[in-house]
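**Q** So the sequence shown is numbered by our numbering: it starts at 66 and just counts up by one. Yeah, the Cβ is synthetic: ideal placement off N, Cα and C, and Gly gets one too. Being a predicted model, the structure only gives us computed values, none of them experimental.
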Amino acid sequence: MIHQNIYDISVALGSQSIDYPGDPPFSARRRCLVSGGDMFDLSALEMSAHSGTHIDVPAHFIPGGRTIDQYTPGEFILPAQVIAIQNPDAVTPAELEPLDIRNGDALLFKTENSESGRSVSGVWSEQYVCISPEAAMMCVRKGVSLVGIDYISVDKAGDETYPVHQSLLGNGVLILEGIHLRDVPPGRYTLYCLPLRIPGGEASPVRAILVR
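1) Run through the segment 137-188 for me and flag every whole beta strand (DSSP E) of 3 or more residues, listed as ranges in chain order.
2) From what residue to what residue does the alpha helix (DSSP H) around E191 run?
3) What span of residues does the beta strand (DSSP E) with E111 cover, start to end?
4) Measure the C-alpha to C-alpha separation of L241 and A268 and round it to an integer number of angstroms.
5) Closest to V28 by C-alpha separation, out of V147, S190, R167, would be which residue?
6) Is H115 helix, strand or coil when you go by DSSP?
7) Assuming the contact rule is C-beta atoms closer than 8 Å, C258 and I120 should be a hit. Round their C-beta distance to whole Å, please.
8) Given this structure, state the Cα-to-Cα distance separating A200 from G79, to the nearest angstrom.
9) Counting Cβ pairs, one atom from each stretch, are 3 or more of them under 8 Å apart for the segment 91-100 and the segment 125-133?
10) CB H245 to CB V76, shorter than 8 Å?
11) Compare the C-alpha of E160 against each of I196, F141, S92 and name the closest.
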């Protein structure tokens, strides 16, 4: 099958990826090197399950919530909409209300985070476009399957009640964080964002792509 357009919306781990404050940073250390006389190259990786482009499932916040390994691969292949957001502070219901949002859609919000390069800066900043709690509840009411944002958190910096995580995950809506959408035109796609198969995992890094 030949697709006309495939967009890689993942952020490169390391120099481009952003670590949420307190999370262990990504690192890749060479344990063996052919150039150093070893028979092969071998790397050891250290990271958070929330490093770079990653998916959150209900177990991240909800006691007894579904874990990564309780999903089938097909549940991470979804009809998706990329939506351009003009509000410089947050995704709000006003920008979602006019849209044709269908039951089961994944909504990926393309914000100033992508346009400015903030999403691939490699540096944490409290000034980013987030998702408002009201917009999160609208997504729940419309039967959205996944919500994605082009920064490392859907919630506003400093809000330790995490209302957006709570609302979405508490209603079974997956969260895709740390994507980069600068070069992706708004519109409909198929989203592929398969996680690692982590027993009991509340999150996992993913290689996220959009196909049209």
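**A** So, to answer that:
1) 142-149, 171-175
2) If you number the sequence shown from 1, residue 191 lands on position 126. Premise fails: E191 is in no alpha helix (DSSP H) and is neither H nor E.
3) Sequence index remark: in the sequence shown, residue 111 carries index 46 (1-based). That run of the beta strand (DSSP E) goes 107-111.
4) Residue mapping note: residue 241 aligns to position 176 of the sequence shown, counting from 1. Residue mapping note: residue 268 aligns to position 203 of the sequence shown, counting from 1. So the two alpha carbons sit approximately 10 Å from each other.
5) Nothing in the structure corresponds to residue 28, since the chain is present only between 66 and 277.
6) Numbered from 1 along the sequence shown, position 50 holds the residue referred to as residue 115. Three-state DSSP puts H115 in coil, outside helix and strand.
7) Indexing the sequence shown from 1 puts residue 258 at position 193. Indexing the sequence shown from 1 puts residue 120 at position 55. Right, their Cβ atoms sit about 6 Å apart.
8) Translated into positions along the sequence shown, residue 200 becomes position 135. Translated into positions along the sequence shown, residue 79 becomes position 14. Each residue's alpha carbon lies about 31 Å from the other.
9) no
10) For the purposes of this step, residue 245 is taken as the residue at position 180 of the sequence shown. For the purposes of this step, residue 76 is taken as the residue at position 11 of the sequence shown. In contact: H245 and V76 (Cβ atoms closer than 8 Å).
11) Here residue 160 refers to the residue found at position 95 when the sequence shown is read from its first residue. Looking at the Cα atoms, I196 is the closest of the given residues.
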